[in-house]
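In our numbering, the protein residues as written are 176 to 902.
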């Protein structure tokens with residue numbers, strides 16, 4: 176089948192299930208389908224949506240074929256997106272059907288939106304005029320069509336006034352097309368005044384867009400340097416060329432502040448796409464993106480699979496953020512896939528970050544990416560003065576976690592009526608609860624993880640599977656009352672200590688698991704920006720892109736926390752997170768201070784952050800990666816084998832290891848129990864495959880899976896190409 180011969184007797188259809196290839200369906204007489212058509216087909220006893228795919232149909236007896244039931248009245252998925260789905264499936268070793276499933280997440284959007292009943296002024300006049308009727312007629316001047324409720328609201332009258340005028344023929348019923356979910360952006364709405372280095376970077380991005388070919392630009396600017404305003408110029412250039420734009424953001428919580436900044440520049444908000452969007456709005460955005468009505472989308476990683484009609488630019492903000500890695504069903508990194516999407520579609524991609532990933536920095540050094548550097552904050556605002564607090568020399572008081580040095584600076588900040596931020600990347604009250612009498616530790620019954628106490632909610636919670644239980648008064652092991660003790664701090668415990676030291680200060684705790692969800696989080700972020708809090712205590716959510724004008728002190732409670740694991744990216748992640756969080760201070764030009772509580776003040780990460788010498792850190796980290804042949808100088812892949820019993824998982828993992836083909840440029844480590852050996856009631860073993868940069872990792876793993884034992888019983892195998900997590 177090809178696009179030049181759309182009328183066929185059979186067509187390959189990719190269905191949203193773990194299918195390795197399209198299934199063949201009959202095309203009824205009179206039905207027209209082309210590659211990319213979204214159709215409804217029978218699958219077993221169900222009816223599912225699928226996409227007519229490329230390639231030849233299988234040779235199957237025509238009598239055995241089931242027919243396509245319906246072709247949705249929807250723009251076809253274009254060839255570039257179909258190629259992208261195939262590429263993602265091949266690279267991640269995922270069934271193409273599961274990748275296509277991410278394209279089909281808004282089933283109600285497959286049909287056109289219904290037109291709305293409206294009212295339009297006729298030439299007739301009412302039998303008598305009242306003040307209310309006069310206001311309605313003045314509002315309706317100009318011949319525009321109105322909805323009944325919209326006209327009543329705009330004129331400040333009740334709907335019965337509108338009904339009376341319609342009954343007299345003053346208004347006639349017309350059908351109005353569905354409203355756009357967002358207004359069209361105006362690229363000349365609020366042209367910014369850029370500083371010289373911003374202007375140089377913006378010119379480079381505009382030139383990349385004007386070239387109309389694939390290229391990648393790394394926008395590398397310190398926190399507060401105005402990266403957003405710079406890449407908005409690339410967005411404006413793409414819009415002026417009649418292209419659609421996708422802006423990826425790592426966290427839903429960031430979206431609200433970003434939408435306002437976008438509106439200030441372009442006079443209208445972009446379309447939103449994230450999991451917190453109501454289903455009906457998701458369907459409308461999906462449809463209007465496919466039709467080309469929505470010109471700019473700001474969204475989470477899944478927005479990469481929206482069916483854009485005229486996509487001409489992708490911006491990946493905070494490109495270093497691990498939130499871009501999806502680790503469910505299809506494992507992919509949205510940053511890397513955005514680059515692939517740009518390559519397939521022949522359009523530019525912009526990666527922006529104050530702390531770029533090592534991979535992106537190396538790509539820039541080797542000439543694969545263009546790099547623009549913003550080394551100073553906007554309007555010459557000074558970066559915060561950074562200092563490490565050696566916890567061996569200035570330890571906290573007994574039972575506390577805040578050094579006297581940090582507490583003294585918080586006190587001075589309060590006296591100046593400025594804000595402090597305490598950062599600890601640990602949710603809840605305490606990471607471990609145990610009995611002082613018998614030593615019993617509260618663990619998750621279905622994970623190899625300790626339960627985290629959440630004192631605000633009175634619960635013990637597993638942060639991996641979601642299991643929760645009420646915090647008991649007595650030890651379940653020995654029955655002793657009032658001898659349960661919390662070990663270690665979480666943000667709730669730090670808040671308790673802060674309130675004890677500063678009872679009159681207005682204190683806010685920010686964490687992703689607080690009651691009220693994303694809506695409450697957004698409201699509290701706005702309250703902080705408006706100066707309605709004195710001390711903020713938060714997890715990594717506070718490190719991402721927020722602008723708090725009166726924030727002049729940032730204290731990192733446990734700067735060593737991210738270094739205490741075997742993750743090869745631990746140093747890089749810690750550097751990025753601590754640089755980002757200390758960058759929340761002094762963004763409006765006030766003198767500011769960042770303090771890092773650490774037991775390792777001489778660690779290279781701490782030295783790099785305190786000295787402000789990011790280049791030295793990157794140089795050292797890149798050299799270490801190259802020496803160890805780790806990404807981007809080598810390749811990694813994880814194979815996770817899980818089963819209900821430990822024996823099943825181990826036997827299958829060992830069988831896969833034995834089935835690994837001989838190779839000189841790839842080798843297999845393991846199997847070994849995963850650090851989280853029990854997750855959600857399933858035992859887990861990991862194999863790690865390491866190899867040279869140009870090694871055929873996917874071919875090696877395919878051969879290993881094909882030659883290894885078949886998945887039986889409760890055994891499941893998941894492949895993670897380019898893993899970000901090693902738990």
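C-beta: ideal position from N, C-alpha, C; glycine also.
Checklist entry - Which residues in the same chain as residue 568 place their Cβ atom closer than 8 Å to its Cβ, once the five residues preceding and following it in sequence are excluded? => result none
Checklist entry - Is it true that the CB of residue 775 sits closer than 8 Å to the CB of residue 735? => result yes
Next on the checklist: With a threshold of 8 Å on Cβ separation, who are the neighbours of residue 609 within its own chain once the five nearest residues in sequence on each side are excluded?
Outcome noted: 615, 616, 617, 659, 660 and 662
Next on the checklist: Let me check one thing: in DSSP terms, what residues is residue 448 bridge-paired to?
Outcome noted: 474
Next on the checklist: For a minimum of 3 consecutive residues, which ranges assigned as the beta strand (DSSP E) are wholly contained in the stretch 541-584?
Outcome noted: 545-549 and 560-565
Checklist entry - residue 312 to residue 333, Cα distance in whole Å? => result 14 Å
Item to check | DSSP state of residue 632 mapped onto helix, strand, coil | outcome: coil
Checklist entry - residue 807 to residue 899, Cα distance in whole Å? => result 13 Å
Item to check | For residue 304, the three-state DSSP class (helix, strand or coil) | outcome: coil
Checklist entry - Is the distance from the Cβ of residue 351 to the Cβ of residue 293 below 8 Å? => result yes
Checklist entry - Out of curiosity, what's the CA-to-CA distance linking residue 187 and residue 273? => result 16 Å
Checklist entry - Would you call residue 398 buried or exposed, if buried means 16 or more other Cβ atoms sit within 10 Å of its Cβ? => result buried
Item to check | N- and C-terminal bounds of the beta strand (DSSP E) containing residue 439 | outcome: Residue 439 -> not in any beta strand (DSSP E); alpha helix (DSSP H) instead, spanning 430-441.
Item to check | C-beta atoms of residue 831 and residue 879 nearer than 8 Å | outcome: yes
Checklist entry - Counting along the chain, where does the beta strand (DSSP E) carrying residue 826 start and finish? => result Premise fails: residue 826 lies in the alpha helix (DSSP H), 821-834, not in any beta strand (DSSP E).
Checklist entry - Three-state secondary structure (DSSP) at residue 866? => result strand
Item to check | Rounded separation between residue 778 and residue 642 - CA only | outcome: 36 Å
Item to check | Cα-Cα separation between residue 299 and residue 462, rounded to whole angstroms | outcome: 38 Å
Checklist entry - Taking the continuous beta strand (DSSP E) assigned at residue 726, which residues delimit it? => result 726-731
Next on the checklist: Which of the three DSSP states is assigned to residue 889 in this structure?
Outcome noted: coil
Checklist entry - What are the residues that DSSP puts in a beta bridge with residue 263? => result Per DSSP, none; premise fails for residue 263.
Checklist entry - Quick one: what does DSSP say residue 620 is sitting in, helix, strand or coil? => result coil
Next on the checklist: Using a 10 Å radius around the Cβ and a threshold of 16 neighbouring Cβ atoms, would you call residue 793 buried or exposed?
Outcome noted: buried
Checklist entry - Cα-Cα, which of 754, 372 and 843 is closest to residue 495? => result 754
Item to check | Validate contact between the stretch 373-388 and the stretch 405-412 using beta carbons, cut 8 Å, 3 pairs | outcome: yes
Checklist entry - If you run the structure through DSSP and keep just helix, strand and coil, what is residue 840? => result coil
Checklist entry - Who are the Cβ neighbours of residue 751 in its own chain at under 7 Å, not counting the five residues just before and after it? => result 495 and 530
Checklist entry - When burial is assigned at 16 or more other CB atoms within 10 Å of the CB, is residue 737 buried or exposed? => result buried
Checklist entry - Using the beta-carbon count (16 or more within 10 Å), is residue 212 buried or exposed? => result buried
Checklist entry - Could you give the distance in angstroms between the alpha-carbon of residue 945 and the alpha-carbon of residue 353? => result Outside the shown range of the chain (176 to 902) lies residue 945, about which nothing can therefore be said.
Checklist entry - To the nearest whole angstrom, what separates the beta carbons of residue 861 and residue 813, a pair I think is in contact under 8 Å? => result 6 Å
Checklist entry - Roughly how many angstroms separate the alpha carbons of residue 209 and residue 249, rounded to a whole number? => result 12 Å
Next on the checklist: Using 8 Å for Cβ pairs, my map puts residue 260 next to residue 275. What's the rounded Cβ distance?
Outcome noted: 6 Å
Item to check | Nearest candidate by alpha-carbon position, reference residue 548, set 224, 563 and 380 | outcome: 380
Item to check | For residue 228 and residue 782, the rounded distance between their alpha carbons | outcome: 54 Å
Checklist entry - Can you tell me whether residue 859 is buried or exposed, with buried defined as 16 or more other CB within 10 angstroms of its CB? => result buried
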